[in-house]
Structure formats: structure tokens, C-alpha cells
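Chains as they are written, first to last, in UniProt numbering: chain A, 1 to 238; chain B, 1 to 238.
2 protein chains.
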Amino acid sequence: MPVTDVAIDKIKGMIVSGELAPGDRLPKEAELAQRLGLSRSSLREAVKALCLIRVLDVRQGDGTYVTSLEPNLLLDAMTFVVDFHRDDTVLDFLAVRRILEPAATALAALHMSDADVAELAALLGELAEAPTVEALVANDLKFHRKIAEGSGNPVLCSLLDSLSGPTARARIWRGLTQEGAVERTREQHAAIYEAIAGREPELARSWATVHVAGVEQWLRSTLTPAGSDDAEPAAAAS
Amino acid sequence: MPVTDVAIDKIKGMIVSGELAPGDRLPKEAELAQRLGLSRSSLREAVKALCLIRVLDVRQGDGTYVTSLEPNLLLDAMTFVVDFHRDDTVLDFLAVRRILEPAATALAALHMSDADVAELAALLGELAEAPTVEALVANDLKFHRKIAEGSGNPVLCSLLDSLSGPTARARIWRGLTQEGAVERTREQHAAIYEAIAGREPELARSWATVHVAGVEQWLRSTLTPAGSDDAEPAAAAS
DNA sequence: TACCCCTAAACATCCGAGGTCTCTGCAGGG
DNA sequence: CCCTGCAGAGACCTCGGATGTTTAGGGGTA
Numbered sequence: 001m002p003v004t005d006v007a008i009d010k011i012k013g014m015i016v017s018g019e020l021a022p023g024d025r026l027p028k029e030a031e032l033a034q035r036l037g038l039s040r041s042s043l044r045e046a047v048k049a050l051c052l053i054r055v056l057d058v059r060q061g062d063g064t065y066v067t068s069l070e071p072n073l074l075l076d077a078m079t080f081v082v083d084f085h086r087d088d089t090v091l092d093f094l095a096v097r098r099i100l101e102p103a104a105t106a107l108a109a110l111h112m113s114d115a116d117v118a119e120l121a122a123l124l125g126e127l128a129e130a131p132t133v134e135a136l137v138a139n140d141l142k143f144h145r146k147i148a149e150g151s152g153n154p155v156l157c158s159l160l161d162s163l164s165g166p167t168a169r170a171r172i173w174r175g176l177t178q179e180g181a182v183e184r185t186r187e188q189h190a191a192i193y194e195a196i197a198g199r200e201p202e203l204a205r206s207w208a209t210v211h212v213a214g215v216e217q218w219l220r221s222t223l224t225p226a227g228s229d230d231a232e233p234a235a236a237a238s
Numbered sequence: 001m002p003v004t005d006v007a008i009d010k011i012k013g014m015i016v017s018g019e020l021a022p023g024d025r026l027p028k029e030a031e032l033a034q035r036l037g038l039s040r041s042s043l044r045e046a047v048k049a050l051c052l053i054r055v056l057d058v059r060q061g062d063g064t065y066v067t068s069l070e071p072n073l074l075l076d077a078m079t080f081v082v083d084f085h086r087d088d089t090v091l092d093f094l095a096v097r098r099i100l101e102p103a104a105t106a107l108a109a110l111h112m113s114d115a116d117v118a119e120l121a122a123l124l125g126e127l128a129e130a131p132t133v134e135a136l137v138a139n140d141l142k143f144h145r146k147i148a149e150g151s152g153n154p155v156l157c158s159l160l161d162s163l164s165g166p167t168a169r170a171r172i173w174r175g176l177t178q179e180g181a182v183e184r185t186r187e188q189h190a191a192i193y194e195a196i197a198g199r200e201p202e203l204a205r206s207w208a209t210v211h212v213a214g215v216e217q218w219l220r221s222t223l224t225p226a227g228s229d230d231a232e233p234a235a236a237a238s
């Protein structure tokens, strides 16, 4: 195994073992390199890799620190990974979202604070009468993010965040092409809100299922009969 | 933004744009460095980072290649990330697994091929009469992985894989300390198998829920009343 | 045809020098 | 006493080149 990979494992081990706690500062490059038995160049490669997945945070002129290691931060890195899957596996990602989103919505109906419910209502009111599709989708993302936060599970929240990004483009394309999609989204958002505000988890779950399934069904019907022209909608939405 | 980060973005862009397809070979280090306008050292940091998340694959003496970019490969990288969350957020990860596992099991009951169902049965039979806890958990991982594969959704499968790892230790600790846990696991596995083989998705979903909830409840009851001594079970399981 | 060896190509690792940024302590002014 | 501006030190950033290691593939031999 290359020394750089060994260094990655060792740094990981230092963190997992507790030798380095979140927020701690690492020894300076030269010192750590000597301690791990490799050159600064190789060490920098290891540090850079751990930076990409948000485990380390280097600040020029200051030092290298362990991040907070909170789930949202680490799973955010997954967004970067998900970005590489554009056209072909969108349906698979959406299918997972269809599983998680209703569950999160039901949890939100149970655990969301009244203040957060009020903010959810505010999000619904923010939208103009005849919003642009882009504004609608942006509002849609904020709406669902708020609900995901309301589930009280940061892991679930971050996961949904990562999964929602890639499908956003699909939703834009849908709004642009499918008649009534915009209005239907608003109605469903309102229904989800009502269910959460009324503390009815099962109703909230059902509305969320309907909501996500709408996008999924449209996307499936668009992709499947297109035959060899699968790439069109994804390309158009990019 | 550091040149290395720019390089990461540029390479990512080359892949997402299609300029570099899965399996393609990158230009040699020196050439690519010149093309991106940076030194080889900095380029290597970028390549190393993309290697960690399985986007690139460097083979010494040969060259650097784009991986297949399949979901399972890219989400496998998430396991590395999840490893950093050990004690404190295990319950959050388990809660997500509790959402996904039943859904995957239900899907498996619908989509799994007869051949795969037979392999599932084989897994059940592999276990000795009085298995060690370690063997049981290893078999448990394979069993659930087989089911996740059977869902037909590679994204779901990889996600469950990543989530199952961290809780494995907890399951071991449970098996070692909780009377009857081993036998109960075997019974539940058998029940899940029967439901899948009988093509009863809702029954399969329910058994999966029961199965995961068992671990979750035990873990919750162990962590909560422990007070300031939360770390004990996780530490003991490592 | 099958096997072995050798060479070229590409990555792995290291080193040292010069640049840039940030934090910190100190001095001066309000 | 507090705020502001100014170096100085410390730490990371970037570069370029030299040397070691590994792999793929061509060519020779039995």
C-alpha cells in the first residue's frame, strides 16, 4: 500500500481513537510528516484527500484542524459523489428518496417544534402568485429541507439533502413541460404542511409519498418510452 | 481557491461533461499538469483526493483511469465517511437503516429471482447449530446484503451496505450480552426468508422492521439509562 | 507455440526553495 | 481604557527536479 494511503489510515485512526478530537489542530506539516515517516509532499496528498470528504479543514497561515465531524458535514461530501451520477441512475436515487422522504415527513409531524412549523408556513407564503419554475423548485428544496430537519435525525436530513440535489434538475424540467405540475406542487406542499401542523404523521407520510411519486412517475414515463433517446430530458435540464 | 481544488473541479468537470468516460485513461501526470496549469505535486494532491472517493483509480506503472463510476463503487466511499461516526450518532444511522431495510426487503420480495432466493436459503443453512456471535453477525451482514441486492436498486443496496457496517459492532455486543438474541436473530432471518420466498412483500417488510427495531430498542435502552457512561457499550464493542 | 527477459513508460516518493496568508503582540492615537 | 494599524513569526501553498518502483508489452529463445 502506498505510503500516502497508510498516512490516510493513520490520521483516520488518530481521529477514531480519540487522539484527535473534533476541532483539534494537527501537528504542523513537517512535524506530522516526520512522525508518520513520510515526506511532506505525500502527507499533503493524504491531508488533501481527507479535506475533500470534510474530515480535515486546512486554513492557510493558521494550521490544519479536524472538523466538527457532524453528520451533516460528512454526508455533505456525498453530494460531491452523487454529482457524478447524472442521467442513468437518477431513477434509482429518486426511488431511495421516495422511501426516505415520507418517513422523514412523518417524523417531522411528530417532532417538529411549533416555531419550526410556523417557519414552514412562512415558506409556503413566500412564493409569488405565479412563480417562475426556478423559484418554485428553489422553494421546494427549502421546504423539504425544513421538513427533513424537523425529523430530528441529522443523518436522515443530510442524506435527503444529498439525494434531492440531483433530482432538482429533473423537477425543473418537469415544471417546464408538464401542464399543471406547478399548481399541483403548491397544492401538495400545502397538504403536507397541513398534515404536519395537525400532527398527523400518517397523513403527512401519505402526502409526501404522493408528492415524490409524482416526480418519479413522470420521470419514468419520460425516460422509458423514449427508447434510445433517454438522454434528452436530462440533457435539457442541465 | 487553491489550485489543487481548482484541479479537482476541472477533472470532475471533464468527467461530468463526458470528456472523460468511465474506464478512460487520463493523460500522464506531467501532461495533465501542464494542461491544467499547475505543478505535478499539486495535481497529485487532486488525483489522490479523487481516488479516495473512488472516482479515479491510479495504477502504478500503468496510468490513471476513471473508474466505472457505478453507484455501488461511489457509495462504497461513504463507508469511509461513516466510519468517523462511532459512538454518538449510531442511533441516527440505525434509524435510517430502520427506514430503508424494510423497504428494501419488500422490494426484494417482489423482484428477487428464484435463483437468488435459493442463495438466500443457502445462507440460512450455512450457519452452524451453535454459531459464535462473530459468525452470526457475519452471516447476518451477508444475508441482508443479499436482500438489498435483491431490491434491484443499486443505490439502495450500497446505502444499506454503508449503514450496516457501523452497527455491526453494536450487534456483536448485543449478541454477547443479551440473552436469547442469537436465537431470536435466527428465527427472524428465517421468517424474513419465508416471506420473501412466499412473495409477500408486506409480510417481509414487517419482519424486517421487527428485526431492525430489535437492535435499535436494545441499543437505545442500553445507551439512555447509562447516563454519563454512554461510551461503554460502543467502546466495548470496538 | 509457449515462455522468459528486457526496455520503456508511468506513477511513487522525496527534497528544498520561495511565496502567501493568518494570527498575535505591540505601539500609538482617541 | 479601548480601538486601530503595523510588523513578525508561524503555517500552509506551490513549484521543479531527481530518484526509486511497478507495470505493460515487445522481442528473443526453446
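Here a beta-carbon is modelled for each residue, glycine too, at the ideal position from N, C-alpha and C.
In this structure, does DSSP put residue i in helix, strand or coil?
i: L56(A); result: strand
i: R169(B); result: helix
i: R44(A); result: helix
i: R199(A); result: coil
i: G63(A); result: strand
i: D230(A); result: Note that D230(A) has pLDDT 41, beneath the 50 cutoff, so the model's placement of it is unreliable and the number below is only indicative. Correct three-state label for D230(A): coil.
i: A235(B); result: Any reading at A235(B) is ruled out, since the residue's pLDDT is 40, under 50, leaving its predicted position unreliable.
i: L20(B); result: coil
Could you tell me the alpha carbon to alpha carbon distance between residue i and residue j, rounded to whole angstroms?
i: I32(B); j: L26(B); result: One detail in the question is off: residue 32(B) reads as Leu in this sequence, not Ile. About 8 Å.
i: Q217(A); j: H85(A); result: 20 Å
i: residue 240(B); j: R186(B); result: With chain B covering only 1 through 238, there is no way to say anything about residue 240(B).
i: A148(A); j: L73(A); result: 15 Å
i: H189(B); j: T177(B); result: 20 Å
i: V66(A); j: E19(A); result: 11 Å
i: L120(B); j: A195(B); result: 12 Å
i: M78(B); j: L163(B); result: 9 Å
i: C51(A); j: E70(A); result: 14 Å
i: A170(B); j: L219(B); result: 7 Å
i: E134(A); j: A168(A); result: 10 Å
i: V6(B); j: E45(B); result: 11 Å
i: P166(B); j: V210(B); result: 19 Å
i: L160(A); j: L36(B); result: 34 Å
i: L116(A); j: H144(A); result: The amino acid at residue 116(A) is misidentified as Leu; the sequence shows Asp. Roughly 12 Å between the two C-alpha positions.
i: A234(A); j: D9(A); result: Because A234(A) sits at a pLDDT of 41, beneath the cut-off of 50, its placement in the model cannot be relied upon, and the following sentence gives the value as read from the coordinates. Each residue's Cα considered, the two are about 38 Å apart.
i: D114(B); j: V182(B); result: 28 Å
i: K142(B); j: L123(B); result: 8 Å
i: G227(B); j: V81(A); result: A caution first: G227(B) carries a pLDDT of 45, below 50, which makes its placement in the model too unreliable to give a value.
i: V212(A); j: V215(B); result: 30 Å
i: R184(B); j: I11(B); result: 50 Å
i: P131(B); j: A118(B); result: 21 Å
i: T105(B); j: G61(A); result: 51 Å
i: S221(A); j: R174(A); result: 11 Å
i: G152(B); j: M14(B); result: 30 Å
i: L110(B); j: K48(A); result: 44 Å
i: L56(B); j: G180(A); result: 43 Å
i: L94(B); j: A204(A); result: 22 Å
i: R199(B); j: Q34(A); result: 60 Å
What first and last residue would you give for the beta strand (DSSP E) that runs through residue i?
i: T4(B); result: Note, T4(B): premise wrong, no beta strand (DSSP E); alpha helix (DSSP H) at V3 to V16.
Counting along the chain, where does the alpha helix (DSSP H) carrying residue i start and finish?
i: G125(A); result: D114 to E126
i: N139(B); result: V133 to G150
i: N72(A); result: P71 to V82
i: E29(A); result: E29 to L36
i: E101(B); result: V90 to H111
To the nearest whole angstrom, what separates the beta carbons of residue i and residue j, a pair I think is in contact under 8 Å?
i: V16(A); j: S42(A); result: So it is not a contact: roughly 21 Å between Cβ atoms.
i: D76(A); j: R54(A); result: 6 Å
i: G63(B); j: A108(B); result: The pair is not a contact, with the Cβ atoms about 39 Å apart (cut-off 8 Å).
i: A21(A); j: P102(A); result: Wrong, their Cβ atoms sit about 37 Å apart, outside the cutoff.
i: I99(B); j: L100(A); result: 6 Å
i: D92(B); j: P201(A); result: About 19 Å separates the two Cβ atoms, so there is no contact after all.
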